[in-house]
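Trainee: Listed in order, the protein sequences are those of chains X and B.
Residue 63 in numbering that gives the first Met the number 0 sits at position 64 of the first sequence; the count goes up by one each step and never skips.
Residue 366 in numbering that gives the first Met the number 0 sits at position 367 of the second sequence; the count goes up by one each step and never skips.
There are 2 protein chains.
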Amino acid sequence: MLREAVYHVAHGNYAYPVSKDTLRITLRTARADVQEVTVLYQDRYGGSEPFLARMEVAAEDELFSFYQVDLQLDTKRFGYVFLLDDGKDQVFYTEKGFFAEVPPNTQFHYPYIALRDLWEPPQWAQGAVIYQIFPERFDNGDPSNDPANVEPWDMLPSVASQKGGDLQGVINNFDHFVELGVDVIYFTPVFLAPSNHKYDTVDYYTIDPHFGDEDLVRDLIKCAHDHGIKVVFDAVFNHSGFGFFAFQDVLEHGEASPFSHWFNIESFPVQIDPPNYETFSNQIYTMPKLMTHHDDVKDYFLEVGRYWVREFGIDGWRLDVANEIDHQFWREFRQAVKAENPEALIVGELWHEASEWVRGDQFDSVMNYSLQYACLDFFAKGSIRARSFANRLAKVQVNHTHAVNLSLFNLLDSHDTERFLTTCGGNVHKFALAVAFQLTYEGAPMIYYGDEVGMEGLTDPDCRRGMVWDPAEQNLDILAWYQKLIALRREHPALRHGRCRTVWADSATNIYGFVRFGQGEQVLVLLNNQAKAQSVDLTKVSWPVATPKQVQDLLTGEKLPLGEIVLEAYGTRILV
Amino acid sequence: MLREAVYHVAHGNYAYPVSKDTLRITLRTARADVQEVTVLYQDRYGGSEPFLARMEVAAEDELFSFYQVDLQLDTKRFGYVFLLDDGKDQVFYTEKGFFAEVPPNTQFHYPYIALRDLWEPPQWAQGAVIYQIFPERFDNGDPSNDPANVEPWDMLPSVASQKGGDLQGVINNFDHFVELGVDVIYFTPVFLAPSNHKYDTVDYYTIDPHFGDEDLVRDLIKCAHDHGIKVVFDAVFNHSGFGFFAFQDVLEHGEASPFSHWFNIESFPVQIDPPNYETFSNQIYTMPKLMTHHDDVKDYFLEVGRYWVREFGIDGWRLDVANEIDHQFWREFRQAVKAENPEALIVGELWHEASEWVRGDQFDSVMNYSLQYACLDFFAKGSIRARSFANRLAKVQVNHTHAVNLSLFNLLDSHDTERFLTTCGGNVHKFALAVAFQLTYEGAPMIYYGDEVGMEGLTDPDCRRGMVWDPAEQNLDILAWYQKLIALRREHPALRHGRCRTVWADSATNIYGFVRFGQGEQVLVLLNNQAKAQSVDLTKVSWPVATPKQVQDLLTGEKLPLGEIVLEAYGTRILV
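1) For A57 of chain X, which residues from the same chain have a beta carbon less than 6 Å from its beta carbon, with the 5 sequence-adjacent residues on both sides left out?
2) Taking DSSP's pairing of strands, which residues face Q361 of chain X in a bridge?
3) Tell me which residues of the stretch 17-41 of chain X have at least one Cβ-Cβ distance to chain B shorter than 7 Å, keeping chain order.
4) Along the alpha helix (DSSP H) that carries Y481 of chain B, what are the first and last residues, could you check?
5) Report yes if the CB atom of V33 of chain X is closer than 8 Å to the CB atom of L70 of chain X, and no otherwise.
6) Using the C-alpha atoms, what's the distance from A29 of chain X back to V90 of chain X?
7) Which bits of chain X does R330 of chain B rub up against, with CB to CB less than 8 Å?
8) Between X:S354, X:E251, X:T538, X:P208, which lies nearest to V502 of chain X when the distance is taken from Cα to Cα?
9) Could you tell me the alpha carbon to alpha carbon distance between A338 of chain B and L318 of chain B, rounded to whole angstroms?
10) Between the Cα of V183 of chain B and those of B:T278, B:V346, B:Q247, spot the shortest distance and give me the residue it belongs to.
11) Less than 8 Å between the C-beta atoms of D138 of chain X and G168 of chain X, yes or no?
12) Is Y276 of chain X close to chain B, meaning its C-beta is less than 8 Å from at least one C-beta of that chain?
13) Assign S160 of chain X to buried or exposed, taking buried as 16 or more other Cβ atoms, counted over all protein chains shown, within 10 Å of its Cβ.
14) May I ask you to list, following chain order, the residues of the stretch 370-384 of chain X that have a beta carbon less than 7 Å from some beta carbon of chain B?
15) Determine, using beta carbons only, whether V181 of chain B comes closer than 8 Å to chain X.
16) If we ignore side chains and look at the alpha-carbon of each, how far apart do T416 of chain X and V365 of chain X end up?
17) Name the chain X residues that come within less than 9 Å of A9 of chain B, Cβ to Cβ?
18) Is it the case that the Cβ atoms of H292 of chain B and R115 of chain X are separated by a distance below 8 Å?
19) Going by beta-carbon coordinates alone, are H414 of chain B and F133 of chain B separated by less than 8 Å?
20) Restricting to Cα atoms, I'd like to know which of X:V575, X:A435, X:H399 is closest to R23 of chain X.
21) Take every Cβ of the stretch 220-229 of chain X, pair it with every Cβ of the stretch 270-287 of chain X, and state whether three or more of those distances are shorter than 8 Å.
22) Roughly how many angstroms separate the alpha carbons of I573 of chain X and R464 of chain X, rounded to a whole number?
23) Let's see if you can read the secondary structure: which residues bound the beta strand (DSSP E) around E563 of chain B?
24) Spell out whether any CB of chain X is found under 8 Å from the CB atom of E323 of chain B.
25) By DSSP's criteria, I24 of chain X is part of a beta bridge. Which residues make up the other side?
26) Can Q521 of chain B and V540 of chain B be called in contact, C-beta distance under 8 Å?
27) If we ignore side chains and look at the alpha-carbon of each, how far apart do A255 of chain X and A127 of chain B end up?
28) Any Cβ of chain X within less than 8 Å of the Cβ of Y44 of chain B?
29) Would you call the CB atoms of P16 of chain B and L155 of chain B closer than 8 Å?
30) Buried or exposed: where does Y204 of chain B fall if 16 or more other Cβ atoms within 10 Å of its Cβ makes it buried?
31) Starting from the C-beta of R309 of chain B, find all residues in its chain whose C-beta is less than 7 Å away, skip the five residues before and the five after it, and write them out in chain order.
32) Does any residue of chain B bring its CB to less than 8 Å from the CB of N104 of chain X?
33) Write down the C-beta distance between T285 of chain X and G240 of chain X rounded to the nearest angstrom, noting that I regard them as a contact closer than 8 Å.
34) Does the stretch 471-488 of chain X come within contact of the stretch 421-431 of chain X, defined as at least 3 CB pairs closer than 8 Å?
35) For L420 of chain B and A379 of chain B, what's the separation of their Cα atoms in angstroms?
36) Quick check: what's the CA-CA separation for E35 of chain B versus V101 of chain B?
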């Protein structure tokens, strides 16, 4: 038994409550190293013989197997040890290490399931279909508010292009969201700012006049809510824009400005080029870094967070460059925003390992770029095969609680990346396969505007082309594919809320499959990432709940006995 | 190379800032599996070739080696990968796994050192000498406030004994604290409560009249502060006492009580025996569990936390059964208390793995029972030998930041355990060796009243005997040993603030040694846990900073060349 591989800790993703008396625990071992793992658990104050629970493999990556089980105790106070059996040795794994018998004071303790620790992201966000809009490029609903020098809508954009897209353009297109089956619209920034992307905020309390005004935002949110759609805004608290009043005051009054401590200025007078103040990224002088550790700066931005939730009823915030702001700011931000609306969603922009931010005190969710990279490599570039893809997904999955996984913004692309279809070399079959994965896998699929009609584009600025509205220019097959998959997702709660287990990952055939289960059903999704038809023997699938006698393909309606089935080239099967 | 053993994550104890531009990172490998570990690091936005830093082994346990290094970047934004070389293979370890070359987007990211994340426990608590007082048994300074039925001071106590100890008794003995060299006094509870231990609080705003009153507390704290001594009180927010006004109101008015939601009552009317309400531990009806997730309950106890800091100037709180209260309560408690005094100390009673609570948002420190268990097994019971002892210490050390380690309450015993000398079978040599370890090792040594004069006692109630004040009854050799070691600790900042590295752990001879280093010096402590004299070859010690040419024994004053030195039976050498 490879002891160095065995790991458990009684908090975080390794031990978390799933109800007021039930604890979900995970144990890691070397991959396929152990035959049987049993948990011996009891009230941590003792008083009875321990209960036993057999653990099951919930995920595997290239090095590790992850065993999982739910433990229930009325007293909510857990003491436990693991018994590992590899066929040769039986050994106890405890908080203090490995033992042949369990010495005193060595149990793992999950001390108590307190109700306030039983957190999860808002129910509405778990498994929701998110639609990302870059307002300047979605639709020009009101030419009267266009900026000067608006370019033709269809012309390929450059970095500074203005095309006149606005919020009226969004309001005009709710039919599109409804036909697609969107649950949430996430807007990149809409506050006053000179750039087309508006990540250089000048006024956090004013809607950019080229996008609309506060009344229009009220209309937009009412329209969304009337359609059962939630609205998430984008906030940039890491840095302000150059024109932000506080920075302008410092430029004008130097050290004497009451806002001089809002920024990190090396010396006065302030110099612009190169900047002698801290900025976002590498000396981007138009984006001075905000010193959010000062109480007055913090209070200013906490109130921004509260204001749009309280006064306009937005349903949540996506937070830009969230990991360069201190954790305590986000803890207080969460308290401030949730005090206005406990059901508000808080999503951090994080491109890397994010577990530190989704422990219950800061964010509900993050951008799932790890999944995006895996999809790029597997579906678009073909640089990894099915087993590696499964390994990469497993690493993300075991890193969070189930409710967080359900809420991760699962993106294929965004305003910051090349369009996924473009990375596929324009191959719609590969793209459709990736979309089938995105829309059935565990999480909240985030659709970047235009992907659903087959838009292409290299990275910024090319990925920010004007939305294609002319049906003759749209790929209607792709659109129908999105609609079909989202409809299935709505009809089958397991696809939205169910747990997820990889059950097929064959690098030889490059077929990948997983089961979503819970809510009384289990749905098997099989994806053939190969340019030829191939078959899968369904009798070899390990169904997490129980092996069905026959299955039905939700895409074709056909009923099949449990046996060999064929997947077309780049074909998808969704079996219930 | 054993890849399953390799571990790093870019937060918590594995990556934390030690100054505004310096990050301390730790990498785990299988023990002695790798020859060389190098970090390649750069600003996470790129723009330059990576810097290189060689990592050093900071700790080892039975399975793992822990490599550590400090990285400095003016921009405070770190992207990095590890290069591991085991003599056969060179391989990069990244956030996404192992690679021969580093693919894009695989670096670990510590996104930014924000000033508010650069937290540490109060400086005064780091390495401080704590003295724990159980007031009912320390000294009876004012017989006029004695409870009825006071027993003779010297009689062995039973569970319900009252002996008349009080706060005047503490005030009367400041000479003792000063002679000993105490930095902090930690009092078990002093609020109104019927028991002798007072963990069954009746009124959180009233000093128990058998201990004194609020004026006397002011005198006590003034006296302590005049002597440069800090005062920490004990708070029980997990449960109240039976007589607490809110519980009494519920007993009286049942469901109609405005306090009925302060407790978890299964059904009305309330029943006492067995209780039909949630309690501390197994149905202890005198200690009803408090529902601190309700805002009004939370606010009540947050104000208790603020009140004694604000109105009386206590320097901190030790929190009873801290791990059975929700994390958010403690986050808000920290904010509330630190708003009154940013230098207040917050210490949780935790007997198990505690990293979740000392991340900067909740506690500054916890009771270090893991170290106590290791000391019991190594020094008192002799059930483990030097290498196992080192392994157990390493597990604690690598689990926290350095500043937290310096603040851990390193106890040999407490009011909840057998006296350490008793577990030593009364062997003062073994005890003295353990005390030498406690008072020189990394952390805040906590002395349980009376240990310093050789008091003995089995577990509760026997460990709570009346303090021995008659010099004829005290072990003055032990007292002198404490004084000498604490004096050395004060003279040599490395013993208080320095980093700590195990440099000798020989199970054959059972000699254990460590070096405290920093503040311009390094001090080697060697402990011979054997009943015979043995020697150590000082030329074989790996000094963390630089190898000295000669050393001086701080206990004897003798200067020694770097060579073979003798340690007496159970002997201690402290070499600088």
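Ideal placement from N, C-alpha and C gives every residue a C-beta, glycine not left out.
Mentor: A quick look at the data gives this:
1) F65, Q67
2) DSSP output for Q361 of chain X lists no bridge partner at all.
3) A29
4) 475-490
5) no
6) 15 Å
7) R330, D360
8) X:T538
9) 18 Å
10) B:V346
11) yes
12) no
13) buried
14) Y372
15) no
16) 17 Å
17) H351, E352, E355
18) yes
19) yes
20) X:H399
21) no
22) 33 Å
23) 563-566
24) yes
25) X:A14, X:V68
26) no
27) 42 Å
28) yes
29) no
30) exposed
31) E339
32) yes
33) 7 Å
34) yes
35) 8 Å
36) 18 Å
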